[in-house]
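Enquirer: Let me begin by handing over the structure; questions about it come next.
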Amino acid sequence: MRKYFFPLVILVALAAAGGYLYYTRGRDSARMAQVYNWFQDQSSRPDLMMTSGAKCGDAPFIFPTNGLIGFIWDDSFRPGHRHSGLDIFAGTEIGVTPIVAAYPGYLTRQADWKSTVIIRVPEDPLQTGRQIWVYYTHMADPQGNSFVSPAFPMGTSEVYVEAGTFLGYQGNYSGDPNAPVGIHLHISIVEDDGFGNFKNELDINNTYDPTPYFGLPLNANINSDAIPYWGSYGVNQLADCAAGNQRKNMDLKNKVVLITGAGKGAGRTLALALAQRGARVAVNDISPINVEEAAAEIIANGGEAKAYVEDIAKKVGVQYLVKGVEDDFGAIDILINHASVEPHTPLLKMDEWDWHRTLDVNLTGVFLTVQSVGRMMREQGHGAIINIVAGAGEGSIKDAGAYLSSKAGAAMLSRQADVELSPHGVRVYAVENSADVVKDVLSILEAQ
Ligand SMILES: [Zn+2]
1 MRKYFFPLVI LVALAAAGGY LYYTRGRDSA RMAQVYNWFQ DQSSRPDLMM
51 TSGAKCGDAP FIFPTNGLIG FIWDDSFRPG HRHSGLDIFA GTEIGVTPIV
101 AAYPGYLTRQ ADWKSTVIIR VPEDPLQTGR QIWVYYTHMA DPQGNSFVSP
151 AFPMGTSEVY VEAGTFLGYQ GNYSGDPNAP VGIHLHISIV EDDGFGNFKN
201 ELDINNTYDP TPYFGLPLNA NINSDAIPYW GSYGVNQLAD CAAGNQRKNM
251 DLKNKVVLIT GAGKGAGRTL ALALAQRGAR VAVNDISPIN VEEAAAEIIA
301 NGGEAKAYVE DIAKKVGVQY LVKGVEDDFG AIDILINHAS VEPHTPLLKM
351 DEWDWHRTLD VNLTGVFLTV QSVGRMMREQ GHGAIINIVA GAGEGSIKDA
401 GAYLSSKAGA AMLSRQADVE LSPHGVRVYA VENSADVVKD VLSILEAQ
């Protein structure tokens, strides 16, 4: 009963708290639509859930709780309202999802604060000589029974806490027992009044844009189209985490990487670059000459590589390939799907065989390798898959109808595979084919 009840509770609670959300940025705000979709079916995008304690590259703040970033700085819930912080929704019941300090400082909880603490940060990590305050709230049930840690009773003043210190649990206290908010953490970064006190947090003019503190696009004036989160299937979302990614650096040393279409082009460049970083490289191509050359070049440079000549458009070819790599290397940590055919023929002249071959290599080949390697990675509980796609951006390429169609399919396949596999520790990315493709792939892998 309670489980089924939950999404409804959130919607009702939000509706009660804010009227319905007021769309200052128009009813077509893509980000708001995604948030409401998530409220109605949280299982639809498990990849959007942020992890407590995680950090984006060299951004100063760690993420303070588990959940989805539902509302950001300067969102508006009703005419005239401007949201002063960010709201992170756990998707659980009240009183179960922990909140930790995002940054060290001196914690105060005033004598009448049922659901709130504030932490004074004497030295703003982004501006020397400036004192700021970090405000955390809604840590109580609708009646005001507190979920704040017993370590910080009401009246607590200036207690030093480290980043990661447990502060309390997400709740839904609004001050009005009959109109609780949705279950979330509201966190904001508040100005000092110049006399050592914090300003009124409710006024956005007294707060700072949290974007640079978390390394995420948390300003509604700039981000209207995507829920901010770390890790994703695309390069655009990767930019969300401007300075990299919160996940621990993947040391590429001794990682087993399988690259399809590694005989030439970017596939071969990637194989060499990964081998230089200490990866053990399994190179695949349908043409033996090029791929054996690529392996020999890596070995000549002191790296480890082996060539596998198989057609990844065929299930039996993929089975031999994956079995061979597993026998020779013991596992596959990273799969890069670079194999591709690109006939340059107008659609009206295109031969049916060319069309099929393009789809077989560029789309079915990705499906077969993702399925086969994905099963192995799910068992391992970790892995990264990168599919080189095209056509996600604007524009067309002359006479590339079959190529672009197949690559757009591979982009969607990547997204779906990521949703299925990310709960098992396996991430699937689509990287747009471009002059920068090698750099883009390496930056994803190095940020893993
Ligand atoms: Zn809020």
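Read left to right, the sequence shown gives residues 1 to 448 (the working numbering).
For glycine and all other residues, C-beta sits at the position ideal for the given N, C-alpha and C.
(1) Please tell me whether Val117 and Tyr135 are closer than 9 Å, where the distance is taken between their beta carbons.
(2) Taking the straight line between their C-alpha atoms, what separation do you get for Ala331 and Ile388?
(3) From which residue to which residue does the alpha helix (DSSP H) around Val325 run?
(4) Report the start-end ranges of each beta strand (DSSP E) in the region 129 to 199 that is 3 residues or longer and not cut off at the edges.
(5) Count the C-beta pairs between the region 44 to 53 and the region 149 to 162 that are closer than 8 Å, then say yes if the count reaches three, no if not.
(6) Leu68: beta carbon under 8 Å from a heavy atom of ligand 1?
(7) Contact defined as beta carbons within less than 8 Å: I believe Arg427 pairs with Ala390. What is the distance between those atoms, to the nearest angstrom?
(8) So, with DSSP's three-state summary, where would you put Asp351?
(9) Excluding sequence positions up to five away, which residues of its chain have a Cβ less than 8 Å from the Cβ of Leu184?
(10) So, helix, strand or coil for Tyr229, using DSSP?
(11) Could you check which residue in Leu202, Val419 and Gly381 has the C-alpha nearest to that of His81?
(12) With C-beta atoms as the reference, is Asp333 less than 9 Å away from Thr345?
(13) Where do the ends of the alpha helix (DSSP H) carrying Val419 lie?
(14) Does the Cβ of Phe166 have 16 or more other Cβ atoms within 10 Å, making it buried, or fewer, making it exposed?
(15) Would you say Tyr103 and Pro60 are within 9 Å of each other, going by their C-beta atoms?
(16) Could you tell me whether the Cβ of Leu258 comes closer than 9 Å to any Cβ of chain D?
(17) Cα-Cα, which of Asp360, Gln42 and Asn221 is closest to Val318?
(18) Around the C-beta of Asn145, are 16 or more other C-beta atoms found within 10 angstroms, so that it is buried, or is it exposed?
(19) Taking 5 Å as the limit, tell me which residues put their C-beta closer than that to any heavy atom of ligand 1, in chain order.
(20) Which value, in whole angstroms, describes the spacing of the CA atoms of Gly114 and Ala140?
(21) Between Asn254 and the rest of its own chain, which residues show a CB-CB distance below 7 Å, the 5 nearest in sequence each way excluded?
(22) Is DSSP giving Met49 helix, strand or coil here?
(23) Could you tell me the alpha carbon to alpha carbon distance between Lys315 and Ala273, rounded to whole angstroms?
(24) Determine the burial state of His356: buried for a count of at least 16 other Cβ atoms within 10 Å of its Cβ, exposed for fewer.
(25) Please tell me whether Pro217 and Ile187 are closer than 9 Å, where the distance is taken between their beta carbons.
(26) Quick one: give me the first and last residue of the alpha helix (DSSP H) that Asn290 is part of.
(27) Where Leu363 and Pro288 are concerned, what is the direct C-alpha to C-alpha distance, given to the nearest angstrom?
(28) So, for Glu326: in the same chain, excluding its five sequence neighbours on each side, which residues have a beta-carbon less than 8 Å away from its beta-carbon?
(29) Quick check: Val449 and Ile312, are their CB atoms within less than 9 Å of each other?
(30) Tell whether a beta-carbon distance below 9 Å holds between Ser414 and Tyr429.
(31) Opposite Ile388 in the DSSP bridges: which residues?
Expert: Taking the geometry as given:
(1) By one-based count along the sequence shown, residue 117 stands at place 117. By one-based count along the sequence shown, residue 135 stands at place 135. Taking a C-beta distance under 9 Å as the contact criterion, Val117 and Tyr135 qualify as a contact pair.
(2) Reading the sequence shown from its first residue, position 331 is the one you call residue 331. Reading the sequence shown from its first residue, position 388 is the one you call residue 388. Per the coordinates, the alpha-carbon of Ala331 lies some 22 Å from the alpha-carbon of Ile388.
(3) Taking the sequence shown and counting its residues from 1, the one referred to as residue 325 is at position 325. Lys315 to Phe329 is the extent of the alpha helix (DSSP H) around Val325.
(4) 132 to 137, 159 to 161, 166 to 169 and 184 to 191
(5) They do not touch, by the three-pair rule.
(6) As a first step, residue 68 is located in the sequence shown; it is residue number 68 there, counting from the start. Every heavy atom of ligand 1 is 8 Å or more from the Cβ of Leu68, so no.
(7) By one-based count along the sequence shown, residue 427 stands at place 427. By one-based count along the sequence shown, residue 390 stands at place 390. Between Ala390 and Arg427 the Cβ distance is about 20 Å, and since that is not below 8 Å, they are no contact.
(8) Your numbering for residue 351 matches position 351 in the sequence shown. DSSP places Asp351 in coil when its eight states are reduced to three.
(9) Residue mapping note: residue 184 aligns to position 184 of the sequence shown, counting from 1. Note on residue identity: the sequence assigns His, not Leu, to residue 184. Excluding residues within five positions, the ones whose Cβ falls inside 8 Å are Gly67, Gly70, Asp87, Ile88, Phe89, Ala90, His138, Gln170 and Asn172.
(10) Counting from 1 along the sequence shown, the entry for residue 229 is found at position 229. Shown here, Tyr229 sits in coil according to DSSP, grouped into three states, outside any helix or strand.
(11) Your numbering for residue 81 matches position 81 in the sequence shown. It is Leu202 whose Cα lies nearest to the Cα of His81.
(12) Sequence index remark: in the sequence shown, residue 333 carries index 333 (1-based). Sequence index remark: in the sequence shown, residue 345 carries index 345 (1-based). Cβ distance not < 9 Å, so Asp333 and Thr345 don't count as in contact.
(13) Residue 419 sits at position 419 when you count from the first residue of the sequence shown. That run of the alpha helix (DSSP H) goes Gly401 to Leu421.
(14) Stepping through the sequence shown from its first residue, residue 166 is reached at position 166. The residue is exposed, with fewer than 16 neighbouring Cβ atoms inside 10 Å.
(15) The residue given as residue 103 occupies position 103 in the sequence shown. The residue given as residue 60 occupies position 60 in the sequence shown. In terms of Cβ geometry, Tyr103 and Pro60 form a close pair [threshold 9 Å].
(16) Absent here is chain D; the protein component of the structure consists of one chain.
(17) If you number the sequence shown from 1, residue 318 lands on position 318. Among Asp360, Gln42 and Asn221, the Cα nearest to that of Val318 is on Asp360.
(18) Numbered from 1 along the sequence shown, position 145 holds the residue referred to as residue 145. Answer is exposed; the Cβ neighbour count stays below 16.
(19) Asp87 and His186
(20) Residue 114 sits at position 114 when you count from the first residue of the sequence shown. Residue 140 sits at position 140 when you count from the first residue of the sequence shown. With the sequence shown as reference, residue 114 is identified as Lys, and Gly is not the correct amino acid for it. Their backbone Cα atoms lie some 7 Å apart in a straight line.
(21) Taking the first residue of the sequence shown as position 1, residue 254 is located at position 254. Contacts found: Gly278 and Arg280.
(22) Position 49 of the sequence shown, counting from 1, holds the residue named residue 49. Coil.
(23) For this step, residue 315 is matched to residue 315 along the sequence shown. For this step, residue 273 is matched to residue 273 along the sequence shown. Cα to Cα, Lys315 sits roughly 29 Å from Ala273.
(24) Walking along the sequence shown from the start, residue 356 turns up at place 356. Label assigned to His356: exposed.
(25) The residue you call residue 217 lines up with position 217 of the sequence shown. The residue you call residue 187 lines up with position 187 of the sequence shown. No, they are not a contact pair.
(26) Counted from its first residue, the sequence shown places residue 290 at position 290. If you look at Asn290, you'll find it in the alpha helix (DSSP H) that goes Pro288 to Ala300.
(27) The sequence position of residue 363 within the sequence shown is 363, counting from 1. The sequence position of residue 288 within the sequence shown is 288, counting from 1. The straight-line gap from Cα to Cα measures roughly 22 Å.
(28) Residue numbering aside, residue 326 sits at position 326 when the sequence shown is read from its first letter. For Glu326, the CB contacts under 8 Å within the same chain, skipping 5 residues up- and downstream, are Ile332 and Met376 in chain order.
(29) In the structure displayed, the chain extends from 1 to 448; residue 449 sits before or after that span and is not available.
(30) On the sequence shown, residue 414 is found 414 positions in, with the first residue counted as 1. On the sequence shown, residue 429 is found 429 positions in, with the first residue counted as 1. Cβ atoms of Ser414 and Tyr429: closer than 9 Å.
(31) One-based indexing of the sequence shown puts residue 388 at position 388. In DSSP, Ile388 forms a bridge with Val431.
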